[in-house]
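Trainee: Can you keep this structure in mind? I'll have questions shortly.
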Amino acid sequence: MDTVRSHIMVCGGTGCVSSDSEKLITLFKEKLSSVDYDKEVNVIRTGCFGFCGQGPIVKIHPDNVFYVQVKLDDVDEIVEEHIIKGRIVKRLLYEEPFYKRKVQSTSKMDFYKKQYRIALRNCGIINPEEIEEYIAYDGYEALGKALLEMSAEEVTNILKDAGLRGRGGGGFPTGLKWEFTSKSPGNQKYIICNADEGDPGAFMDRSILEGDPHSVLEAMAIGGYATGANSGIVYIRAEYPLAIKRLNIAIEQAREFGFLGKDIFGSGFDFDISVKLGAGAFVCGEETALIHSVEGKRGEPTKKPPFPSESGYQGKPTTVNNVETFANVCPIILKGSQWFSSIGTETSKGTKVFALAGSVNNVGLVEVPMGTTLREIIYDIGGGIIGGKEFKAVQTGGPSGGVITVNDLDTPIDYESLKNIGSMMGSGGMIIMDETSCMVNIAKFYLDFSQDESCGKCTPCRIGVKRMYEILERITKGEGQLEDLEKLELLANMIKHSSLCGLGQTAPNPVLSTMKYFREEYLEHVENHYCRAGECKDLLKYSIDSNKCIGCTACAKVCPVSCITGKPKEIHKIDQTQCISCGACFDACKFDAVIKP
Amino acid sequence: MNIEVVNKMSVKSLEELKKLREESKKKVSLRKEGKGDYIELMVGMATCGIAAGARTTLSALMDEIQKKDIDNIKVVQVGCLGYCHSEPIVQVNEPGKEPIIYGNVDDKRAREIINKHIINHELIDDAIIIETYKKP
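Quick note, the sequences are listed as chains W and Z, same order.
Taking the numbering used here, I'd label the letters of the first sequence as residues 1 to 597.
Taking the numbering used here, I'd label the letters of the second sequence as residues 1001 to 1136.
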């Protein structure tokens, strides 16, 4: 039989590839040909399904069955049971964390039910390396429509009316940005796609480029038409090899079909795209630094104005938009501004992709309408906190953002509401923390990142952030003083107001916000040398319960620094000044006599 | 930049794009989701079904669907439907209608199902094995 009757979709996103999904594809193909089913069942490598915590993911069409955590050993069973006999392999279905029931199709999963996918519309549905599949899902129609039926001004206006705002962090209206560039004088203009995704934990841009690269290319061409640019550049970090590979394949195919190149759609409009690899510096996500990096200079920001829309790449008018922003453009052109602006809140339209991570049951990429509450994201989509622990805080906006506490769980999320509660949208990283996370330590983690990534050009950021980091390090070691807290606040506000670019201006946010909402934890660290979450290793001191110790010497034998003393059959003692809090004695004691701090 | 491009199969109008899309859609039509308006054909593919020749039935159905270029139909293989005496079994689920179960569906009858039942909306009375079946 030559008619294909089933598609086995295997996730080819970086998350699933790292847990062997490439091998799964090979094994599926081998197995299918060994049972002579290879002509009627196709194995397709697709983009990220978003449910990365459950990877590798295998979805079977047309039965619409969603298998999770598929191991190499499971291939035989899936083929023999599902493909040959039509029997679903129940043990590989996803089990909902709360109800403990198995769910077969994505439409019935809590994780997918509340999602609304615009930017991720094709991820997990098409094969990103086949342009025909993108075309089958309305690909390149928006470009054709824009070039043949709309003026450049109409394209800009439709984006302005739709209310699309930059998804990379700042939230600047995209249509306005395009208008500025189009109005800037000059024959040579550029449009740049910012794929320098740098927030720890955020990976939506990578997933879009890996799963649906054409959606970004098409939108860049539309942006080129609207702003008067004939050249597009994708600035992507070299540590995204899979995204780069698929991007290059997509560009090649788009050229073959005439969607890039000369006289696109016979409209007389020329546009082509090149790819520029970055070395993965966080600061290069800032548009002026990014432009310098594309030019081959050091990735350092410069003062604005002049804005890139006046003088950007090579001194020419340049538009810089983020990957996710571009991914929203084509649906707006096709469905209209009213459709888009009907989704979301008063000031923030459309949807936002969040990378859900940390102590939450369902880890992955979720796209929800603006105005969804954190509670819905964490408890409905995310399936709640792992192990039924207590929710403590959620960190949004990465190193530029802040923490949100239980009091704000019901705040509808948009650009403004997050800013009002001391955090920010950022690129959409969302890290959920439970009671075992120390807030001082979290602030220290982000500051460590920022001081590492500071380009060093301006003093407040280069030296100020480092000093702040040193203070936090002292506090987590139990060497903090009360006046350190004042110093932190003073420094934070100075850095915020005097740094050159967004990196420095927002770097103190994690400290300010944790100090605002969890000041008592800072005080405990300083005054009592106590870390309630038990994360600050230097503040942990083990001791021995004299009622339970029988003097077996097990603890003394395993102690790597020999700080436990005591004769056999006598009560042992830990020298707390020597203890390195490794916990080996705790594990070794069979009588529960070692007290964990 | 501005690399010279050799246009092999350049798309030069929206009509050409639409034609290309219709072609491409066939490749991905299996991936339809949700409760659409499409007809579902369930082929019993348990051991009894396979032994009775359900694979031939399945091939015949797919082949005929392709020949007649029907796109609102989905062929799904399922486990044992419980009518082992009449295998191969094909159940036809049309939206808004009671499901119909046909028994002893060989190559010829499979093609008949497509041509009579699906295209002309005529039931093949002598092949229906049960009429009292109610979809739960």
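Each residue gets a CB set at the ideal place from its N, CA and C atoms; glycine is no exception.
#1: Can you find a CB in chain Z that lies within less than 8 Å of the CB of W/K85?
#2: So the candidates are W/C16, W/A162 and W/L277; which of them puts its Cα closest to the Cα of W/E295?
#3: Give me the chain Z residues within the contact set of W/I452, using Cβ-Cβ distance strictly less than 9 Å, ordered along the chain.
#4: Could you tell me whether the region 1049-1063 of chain Z touches the region 1006-1026 of chain Z, where touching means 3 or more Cβ pairs closer than 8 Å?
#5: Just the chain W side, please: which residues come within less than 7 Å of Z/A1046 by C-beta, in chain order?
#6: Tell me, please, whether the CB atom of W/E141 is closer than 8 Å to any CB atom in chain Z?
#7: Taking only beta carbons into account, state which residues of the region 1096-1122 of chain Z come closer than 7 Å to chain W, listed in chain order.
#8: How many angstroms separate the CA atom of W/F586 from the CA atom of W/C555?
#9: Ignore the nearest five residues each way along the sequence and tell me which others in W/T436's own chain have a CB closer than 6 Å to its CB.
#10: State the DSSP-derived secondary structure class of Z/R1031, mapped to helix, strand or coil.
#11: If you check the beta carbons only, do W/L92 and W/D63 fall under 8 Å apart?
#12: Quick check for students: name the residue ranges of the alpha helix (DSSP H) that lie wholly in the region 110-166 of chain W, counting only runs of 4 or more.
#13: Is there a C-beta anywhere in chain Z that falls below 8 Å from the one on W/L24?
#14: Quick check: is the beta carbon of Z/L1030 nearer than 8 Å to any beta carbon in chain W?
#15: Using the C-alpha atoms, what's the distance from W/T181 back to W/G175?
#16: Among W/K245, W/Q578 and W/K567, whose alpha-carbon lies nearest the alpha-carbon of W/L539?
#17: With DSSP run on the structure shown, which of helix, strand or coil describes W/Q578?
#18: Let's test the definition: count the other Cβ atoms within 10 Å of the Cβ of W/E197 and tell me whether it reaches 16, buried, or not, exposed.
#19: Using C-beta distances below 6 Å, list every residue in its chain close to W/P369, excluding the 5 sequence neighbours before and after it, in chain order.
#20: Mind checking if W/L148 is an interface residue toward chain Z, Cβ cutoff 8 Å exclusive?
#21: Give a yes or no on whether the minimum CB-CB distance between Z/L1014 and chain W is below 8 Å.
#22: State yes or no: is the C-beta of Z/A1054 within less than 8 Å of the C-beta of Z/G1079?
#23: Span of the alpha helix (DSSP H) holding W/H61?
#24: For W/M204, tell me which candidate among W/W339, W/L365 and W/E218 has the shortest Cα-Cα distance.
#25: Helix, strand or coil: which one does DSSP assign to Z/V1011?
#26: Sorted by chain position, which residues of the same chain lie with C-beta nearer than 7 Å to W/V216's C-beta, five sequence neighbours on each side aside?
#27: Would you grab the beta carbon distance between W/K59 and W/F51 for me? Rounded to a whole angstrom, and I think it's under 8 Å.
#28: By the criterion of Cβ-Cβ separation under 8 Å, what are the contact partners of W/I135 in chain Z?
#29: Along chain W, which residues have their Cβ under 9 Å away from the Cβ of Z/L1081?
#30: Tell me which same chain residues have a C-beta within less than 8 Å of the C-beta of W/G426, skipping the five on either side of it?
#31: Along chain Z, in chain order, which residues have C-beta atoms closer than 7 Å to that of W/R246?
#32: With DSSP collapsed to three states, give me the class of Z/I1003.
#33: Since Z/L1137 and W/H61 should fall inside the 8 Å C-beta cutoff, what is the C-beta to C-beta distance between them, to a whole number of angstroms?
#34: Going by DSSP, which residues form a beta bridge with W/S6?
#35: Hey, is Z/D1145's beta-carbon within less than 8 Å of any beta-carbon in chain W?
Mentor: Looking at the coordinates:
#1: For W/K85, the answer is yes, since a Cβ of chain Z falls inside 8 Å of its Cβ.
#2: Ranking W/C16, W/A162 and W/L277 by Cα distance to W/E295 puts W/L277 first.
#3: Contrary to the premise, residue 452 of chain W reads as Asp rather than Ile in this sequence. Chain Z residues near W/D452: none, gap ~33 Å exceeds 9 Å.
#4: No: the two stretches stay apart, fewer than three of their Cβ pairs being nearer than 8 Å.
#5: What Z/A1046 touches in chain W: K85.
#6: Yes, W/E141 counts as interfacial toward chain Z.
#7: Residues: none.
#8: Taking the straight line from one Cα to the other gives about 8 Å.
#9: So the list reads A533, once near-sequence residues are dropped.
#10: If DSSP states are grouped into helix, strand and coil, Z/R1031 belongs with the helices.
#11: Their beta carbons are not under 8 Å apart, which means W/L92 does not touch W/D63 by this criterion.
#12: The region 110-166 of chain W contains these whole alpha helix (DSSP H) runs: 110-113, 131-136, 141-149 and 152-162.
#13: Cβ-Cβ to chain Z under 8 Å: no for W/L24.
#14: It does; some Cβ of chain W falls within 8 Å.
#15: Straight-line spacing of the CA atoms in W/G175 and W/T181 works out to 10 Å.
#16: Across the set W/K245, W/Q578 and W/K567, the C-alpha of W/Q578 shows the shortest separation from the C-alpha of W/L539.
#17: Three-state result, W/Q578: coil.
#18: W/E197 should be labelled buried.
#19: Cβ within range, chain order: Y116, I343, G344 and T351.
#20: W/L148 counts as touching chain Z.
#21: Z/L1014 has a beta carbon lying within less than 8 Å of a beta carbon in chain W.
#22: For Z/A1054 and Z/G1079, no; Cβs fall outside 8 Å.
#23: Counting along the chain, W/H61 falls outside any alpha helix (DSSP H), though it belongs to the beta strand (DSSP E) covering V58 to H61.
#24: Distance from the Cα of W/M204 is smallest, within the candidate group W/W339, W/L365 and W/E218, for W/L365.
#25: Here Z/V1011 sits in coil by DSSP.
#26: C193, I208, L209, V323, F326 and A327.
#27: Not really, about 10 Å apart at Cβ, beyond 8 Å.
#28: Within 8 Å Cβ-Cβ: L1017, L1020, R1021 and S1024.
#29: Correct list: empty, because the minimum Cβ distance to chain W is about 10 Å.
#30: For W/G426, where only same-chain residues beyond five positions count, the Cβ hits under 8 Å are G169, D199, A202, T396, G397, G398, S400 and G401.
#31: Listed along chain Z, no residue sits closer than 7 Å to W/R246 by beta-carbon distance, the nearest being about 18 Å off.
#32: Its pLDDT being 44, under 50, Z/I1003 is placed unreliably in this model, and the value from its coordinates should be taken loosely. Residue state for Z/I1003 is assigned as coil, using DSSP reduced to three classes.
#33: Residue 1137 of chain Z cannot be examined here, being either before or after the span of chain Z that is shown, 1001 to 1136.
#34: Answer is W/V41.
#35: As shown, chain Z starts at 1001 and ends at 1136. That puts residue 1145 of chain Z outside it, with no answer to give.
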